[in-house]
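Those protein sequence lines, which keep their order, are chains A and B.
Using this note's numbering, the letters of the first sequence map in sequence onto residues 911 to 1212.
Using this note's numbering, the letters of the second sequence map in sequence onto residues 2 to 277.
Worksheet: one structure, shown below.
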Amino acid sequence: MTPGSSKWLSGRGKAIAPYVFILPPLAYLAVFMFWPLARQMWLSLTDTRLTNPNGGSFVGLENYQWLFDDPEFYTTLNVTVLYAAVTVVLGVALGTISALAINRPFPGRPLARAIMLFGWAVPNVAASLIWLWMYNERSGVFNDMLASLGLDRVSWLTSTHMAFSSIVAVTVWQVAPFVMLVVLAALQSVPDEVREAARVDGADALSVFRAVTLPHILPSLQLVSLLVAVWSIRRFDIIYLLTGGGPIGSTSTLVVKIRQTAFESHELGVASAYGAIGLILALLVAFVHFVTDRRRQKWMAQ
Amino acid sequence: MTSTIALSIFRYVLIAALVAFAGFPIYWMASTALSANSELYSTGQVPWPQLQKLPELISAMAGVPIGRWLFNTFLIACGTTVLSLLLGSLAGYALSRFRFRGRGLVGFLLFMTQVVPEALILVPLYAMFITLGLLNNLMGLVLANVGFSLPVAAFILKSAMDSIPYEIEESAIIDNCPRFGILSMIVLPLIMPSVAAAAVIAFFAGWNEFLFASTFLMDRSLWPTSVGLASFIGQYETPLSAVMGAALLFSVPAIVFFLLIQRQIVAGLTAGAVKG
């Protein structure tokens, strides 16, 4: 079904009809998405403050200058990129392992599968509350367990060397189930006979995985990596509620920084400059996906 | 033979560990809610849910305006769903049924919205909503949400429409049926499962949303559950069991729907990232 092979439109109607449909949604996005995006690019060149968000005068690249001179900016950039990279690697790895583990039937599989989706299905704010309580330093369950083993209590969210890992753990808990579902769907396309034949020929599990399974799920892994990376760059609630970007900026990603610079420091211009960097980062990820996808398709076509 | 047994034992241990990791936080949420202990912060908690504490939990939750919050959440989620489906089906139909100048650009713009962090348009929307009087207004919040869920709905509906033959529409067109009628009376009923998936995704995008809601709504009476629950963080007057009870009430609908139509949701969320 190719769009537009449509013989059923002719004359003037043909020219106008598609625009009648596409205009309302496009106009909507223009007002509530693209205009604000353009506006935020403009704001990044002004000294606008929250107290007068529609005033503010042009200051050129001053905000960017300020950003590039600020060591906190580099911390934020590092944390954002590291956070996206680590959550992609761990989330995709754990999701794939989960999918492989429950792909074949076993007693209780539907229940196990349902429970394994919890982290993905729970609203972010509810997830934040429960993890905040489990991470609680004085009487949270993790420190209670450590204490009963005779170990020292850990400052899960308030020490600079633990906070980042704690946030990553919650994120992986949330994204791995989604990866699992995507990989499970892809595993349906792996021909069982080929896998069995390889096994009969004496190939061990790992080489069967590498030679038969992996090529089949690779496109899905690539797609889901893109999604997880983009979500990590966009993710706000979990980080903001668990650590607020602290301690000492060790979990401060770009989006947390944007919100804080705008609504706590009232510096809309600087916040928008952070936003511009965030947009570049997100587009970069999308571009990388686009290019590798092209290359993979070419490679598969050969 | 021993190695296959070892392998299957390893597999079950692995599955048990994965289930424990995934399920424990939810179990703990329920068990905290049902411990109904106001001293949780100092004494720790009993590790199993105590059903006999349910009346205590209910009376502790009387201090939480959870009914009001869930009602606001429901309004926001419904508004987001209706508007996203309305505009998303128009965009999906145009992309699926017509080849027109600028079609590639439209597809690209829709894809773009999927990589844009919400925080990026937070400040400009805030400024715009002040001017339009949409600040501190549920409608404003819905308008902001739809920008992000409309493209998702469009992608889901487009790929569903691609899979139905247009011969079905053809006879209606010959009969000079208006095209909006064709879309709503013929095409959409044929792709009901996808419409449902798009609706659930949009609904829970609105249900879960926190960033816009916490920025645009100042009146406590307008707060949705996400903002209300977040306000408990760092304050210790409300018993933790009541907080967790409220969080549970907020989570259950999302869990139920996500589990029910997981396949369609995954297909929907990945549709936007795949071209063609």
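No residue lacks a Cβ here, since even glycine has one placed at the ideal position from N, Cα and C.
At the level of alpha carbons, what is the spacing between residue i and residue j?
| i | j | result |
| --- | --- | --- |
| B:Phe-205 | A:Leu-1061 | 41 Å |
| A:Thr-912 | A:Leu-1194 | Its pLDDT being 42, under 50, A:Thr-912 is placed unreliably in this model, and the coordinates cannot settle the point. |
| B:Leu-249 | B:Thr-226 | 11 Å |
| A:His-1199 | A:Leu-1152 | 30 Å |
| B:Arg-56 | B:Thr-33 | Per the sequence shown, the amino acid found at residue 56 of chain B is Pro instead of Arg. Roughly 14 Å between the two C-alpha positions. |
| A:Ser-920 | B:Pro-190 | The predicted model places A:Ser-920 with a pLDDT of 44, which falls under 50 and marks its position as unreliable, so this point remains unresolved. |
| B:Arg-180 | A:Gly-1188 | 41 Å |
| A:Gly-914 | A:Phe-931 | Reliability of the predicted coordinates at A:Gly-914 is poor, the pLDDT of 44 falling under 50, and the value obtained from them is presented with this limitation in mind. When rounded, the distance between both Cα atoms is 14 Å. |
| B:Leu-260 | A:Ser-1135 | 22 Å |
| A:Thr-985 | A:Pro-934 | 42 Å |
| B:Pro-66 | B:Thr-216 | 20 Å |
| A:Ser-967 | B:Thr-81 | 35 Å |
| B:Trp-49 | B:Ser-252 | 20 Å |
| B:Cys-79 | A:Val-1140 | 26 Å |
| B:Leu-121 | A:Asn-962 | 19 Å |
| A:Ala-1186 | B:Leu-110 | 17 Å |
| B:Gly-277 | B:Leu-96 | Any reading at B:Gly-277 must be qualified, since the residue scores a pLDDT of 34, below 50, and its modelled position is unreliable; no value is offered. |
| A:Phe-978 | A:Tyr-1184 | 10 Å |
| A:Ala-1009 | A:Asp-1203 | 23 Å |
| A:Lys-1208 | A:His-1126 | 16 Å |
| B:Leu-58 | A:Gln-1084 | 28 Å |
| B:Glu-119 | B:Glu-171 | 41 Å |
| B:Ser-90 | B:Lys-159 | 8 Å |
| B:Phe-258 | A:Leu-1027 | 12 Å |
| B:Tyr-13 | B:Ala-128 | 55 Å |
| A:Trp-1043 | B:Gly-24 | 16 Å |
| A:Leu-1191 | B:Val-124 | 19 Å |
| B:Gln-53 | A:Pro-1033 | 27 Å |
| B:Leu-241 | B:Phe-112 | 41 Å |
| A:Gly-1001 | A:Tyr-993 | 11 Å |
So, at 8 Å on beta carbons, what are the nonlocal neighbours of residue i in its own chain, with the 5 sequence-adjacent residues on each side left out?
| i | result |
| --- | --- |
| B:Ser-9 | none |
| B:Ile-77 | Leu-139, Leu-142, Val-143, Asn-146, Gly-207, Trp-208, Glu-210, Ala-214, Pro-225 |
| B:Ala-198 | Ile-157, Ile-262, Gln-265, Ile-266, Ala-268, Gly-269 |
| B:Leu-133 | Gly-141 |
| A:Ser-1130 | Val-1092, Val-1093, Ala-1095, Ala-1096 |
| B:Ala-31 | Pro-50, Met-245, Leu-249 |
Going by the DSSP bridge assignment, what does residue i pair with across the sheet?
| i | result |
| --- | --- |
| A:Glu-1106 | Looking at the DSSP assignment, A:Glu-1106 forms no beta bridge with any residue, so it has no partner. |
| A:Phe-968 | A:Thr-956 |
| A:Glu-1177 | A:Arg-959 |
Measuring alpha carbon to alpha carbon, tell me which of the options ends up nearest residue i.
| i | options | result |
| --- | --- | --- |
| B:Trp-208 | B:Leu-121, B:Pro-254, B:Ser-222, B:Gly-182 | B:Pro-254 |
| A:Ala-927 | B:Leu-191, B:Val-244, B:Phe-72, B:Leu-184 | B:Leu-184 |
| B:Gly-229 | B:Trp-70, B:Gly-148, B:Val-83 | B:Trp-70 |
| B:Gln-237 | A:Thr-1081, A:Val-1002, A:Met-951, A:Asn-1046 | It should be pointed out that residue 237 of chain B corresponds to Tyr in this sequence rather than to Gln. Minimum Cα distance to B:Tyr-237 is reached at A:Asn-1046. |
| B:Leu-126 | A:Ser-1058, A:Trp-945, A:Leu-936 | A:Trp-945 |
| B:Leu-86 | B:Val-257, B:Gln-51, B:Val-201, B:Arg-221 | B:Val-201 |
| A:Ile-1077 | A:Ser-1142, A:Ser-1058, A:Pro-1125 | A:Ser-1142 |
| A:Ser-1099 | A:Leu-1128, A:Ala-940, A:Asp-957 | A:Leu-1128 |
| B:Leu-106 | A:Leu-936, A:Glu-1174, A:Thr-1068 | A:Leu-936 |
| B:Ala-155 | B:Gly-108, B:Leu-223, B:Tyr-13, B:Pro-240 | B:Gly-108 |
| A:Val-969 | A:Gln-975, A:Thr-961, A:Leu-977, A:Asp-957 | A:Asp-957 |
| A:Gly-1050 | B:Arg-12, B:Trp-29, B:Ile-131, B:Ile-6 | B:Trp-29 |
| B:Leu-84 | A:Val-1092, A:Ser-1175, A:Leu-939 | A:Leu-939 |
| B:Arg-98 | B:Asp-163, B:Ile-169, B:Pro-194 | B:Asp-163 |
| A:Glu-982 | A:Leu-971, A:Ile-1168, A:Ala-1079, A:Phe-942 | A:Ile-1168 |
| B:Val-19 | A:Val-999, A:Ser-1038, A:Arg-1023, A:Pro-1017 | The sequence shown places Leu at residue 19 of chain B, not Val. B:Leu-19 has its Cα closest to that of A:Arg-1023, out of A:Val-999, A:Ser-1038, A:Arg-1023, A:Pro-1017. |
| A:Met-943 | B:Met-62, B:Phe-130, B:Phe-149, B:Leu-15 | B:Phe-149 |
| B:Met-62 | B:Ala-247, B:Thr-271, B:Ile-256 | B:Ala-247 |
Cutting at 6 Å between CB atoms, please list the residues of its own chain near residue i, excluding the five before and the five after it.
| i | result |
| --- | --- |
| B:Thr-114 | Pro-152 |
| A:Val-1180 | Asn-973, Thr-1171 |
| B:Val-244 | Phe-233 |
| A:Ser-1182 | Gln-950, Leu-953, Ser-954 |
| B:Gln-51 | Leu-35 |
| A:Thr-1081 | Thr-997 |
| B:Tyr-1 | There is no way to answer for residue 1 of chain B, as the model of chain B reaches only from 2 to 277. |
Return the chain-ordered list of same chain residues with a C-beta closer than 7 Å to the C-beta of residue i, the five sequence neighbours on each side being excluded.
| i | result |
| --- | --- |
| A:Arg-1019 | Ile-1012 |
| A:Glu-1177 | Arg-959, Thr-1171 |
| B:Arg-100 | none |
| B:Ala-173 | Ile-183, Ile-187 |
| A:Val-1122 | Val-1100, Val-1104, Arg-1105, Ala-1108 |
| A:Phe-1173 | Leu-960 |
| B:Leu-223 | Asn-73, Asn-137, Leu-139 |
| A:Met-1072 | Val-1064, Ser-1065, Trp-1066 |
Name, please, each residue of chain C whose Cβ falls closer than 9 Å to the Cβ of residue i.
| i | result |
| --- | --- |
| B:Leu-223 | Here the protein chains are A and B, and chain C is not one of them. |
Would you call the stretch 1156-1167 of chain A and the stretch 987-996 of chain A in contact, with 3 or more CB pairs under 8 Å?
In short, these stretches touch, since the Cβ pair count reaches three.
When you compare the stretch 1112-1129 of chain A with the stretch 1049-1058 of chain A, are there three or more beta-carbon pairs, one atom per stretch, that lie closer than 8 Å?
With fewer than three CB-CB distances shorter than 8 Å, the stretch 1112-1129 of chain A does not count as touching the stretch 1049-1058 of chain A.
Evaluate contact between the stretch 1084-1101 of chain A and the stretch 996-1015 of chain A, counting only Cβ atoms and requiring at least three cross-stretch pairs below 8 Å.
The stretch 1084-1101 of chain A vs the stretch 996-1015 of chain A: in contact.
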